[in-house]
Amino acid sequence: MKPQISMMRIAVMAVLFAAGCSDKKSTDPEPQPVSGKITATASGITGQNGSVFAVMAYDSDWFPGSEEPVIAGFMTNITSDDFSFTEALHSVDSQAQGGYNSEEKSFEPRTYSVVFYVAAPGNPPQHFAEVRIAVNGDVTAAAPAWSSWAHP
Numbered sequence: 012m013k014p015q016i017s018m019m020r021i022a023v024m025a026v027l028f029a030a031g032c033s034d035k036k037s038t039d040p041e042p043q044p045v046s047g048k049i050t051a052t053a054s055g056i057t058g059q060n061g062s063v064f065a066v067m068a069y070d071s072d073w074f075p076g077s078e079e080p081v082i083a084g085f086m087t088n089i090t091s092d093d094f095s096f097t098e099a100l101h102s103v104d105s106q107a108q109g110g111y112n113s114e115e116k117s118f119e120p121r122t123y124s125v126v127f128y129v130a131a132p133g134n135p136p137q138h139f140a141e142v143r144i145a146v147n148g149d150v151t152a153a154a155p156a157w158s159s160w161a162h163p
């Protein structure tokens, strides 16, 4: 009876070993994170015709009053009472008009704060909203509904 138990153990171990080997062969390696662009989009910004619309990206967890440097963004004028806009964020360039060059920024794979602002020309932002975006390839940062923006 002992030889049967030993043979049974050997058979079970062989099956487990074979199953373990086949699992390893079918498992794909984890994909590596990749750099990408952040495209910012906002819609339904109402009653702000003539104001400035800006989007800025920070390499940190942004908060109102934060002094962290902007790493990318863009600015434009709001030209209607029901404003929408979509554009990729541009690299910061202190020599370029508006502070951003025409080159779209490529972001390393990690999480960024993307902040949407609306301000009267020449004034600090009166309205803002922040979203956190994880970059792993090209991504879109969508502003929340206008009614949920901070309106100090």
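Each residue of the sequence shown is one higher than the last, beginning at 12 in my numbering.
Glycine included, C-beta positions come from ideal geometry on N, C-alpha and C.
Only residues of its own chain outside the window of five on either side were considered, and among them 85 have a CB closer than 6 angstroms to the CB of residue 98, listed in chain order. Rounded to whole angstroms, residue 112 and residue 51 show a C-alpha spacing of 16 angstroms. Comparing alpha carbon positions, the residue from 119, 134, 73, 94 closest to residue 140 is 73. Counting every other CB atom within 10 Å of its CB across the protein chains shown gives residue 156 a total below 16, marking it as exposed. In the structure shown, residue 109 falls within a helical segment according to DSSP collapsed to helix, strand and coil. Residue 161 and residue 79 have their C-alpha atoms roughly 20 angstroms apart. For the beta strand (DSSP E) assignment, the uninterrupted runs of no fewer than 3 residues enclosed by the stretch 40-85 are, from N- to C-terminal side, 49-57, 63-69. In the three-state DSSP reduction, residue 102 falls in the strand class (E or B).
Under the criterion of beta carbons closer than 8 angstroms, residue 125 and residue 53 do not qualify as touching, at roughly 11 angstroms.
Counted as a single uninterrupted DSSP element, the beta strand (DSSP E) harbouring residue 141 occupies residues 138-145.
Residue 123 and residue 82 have their C-alpha atoms roughly 10 angstroms apart. In the same chain as residue 138, and ignoring 5 residues on each side of it, the C-beta atoms closer than 6 angstroms to its own belong to 129, 160, 162, in chain order. Rounded to whole angstroms, the gap between the alpha carbons of residue 116 and residue 104 is 11 angstroms. The DSSP-derived three-state label of residue 91 is coil. By the neighbour-count definition (other C-beta atoms within 10 Å, threshold 16), residue 62 is a buried residue. The three-state secondary structure of residue 117, taken from DSSP, is coil.
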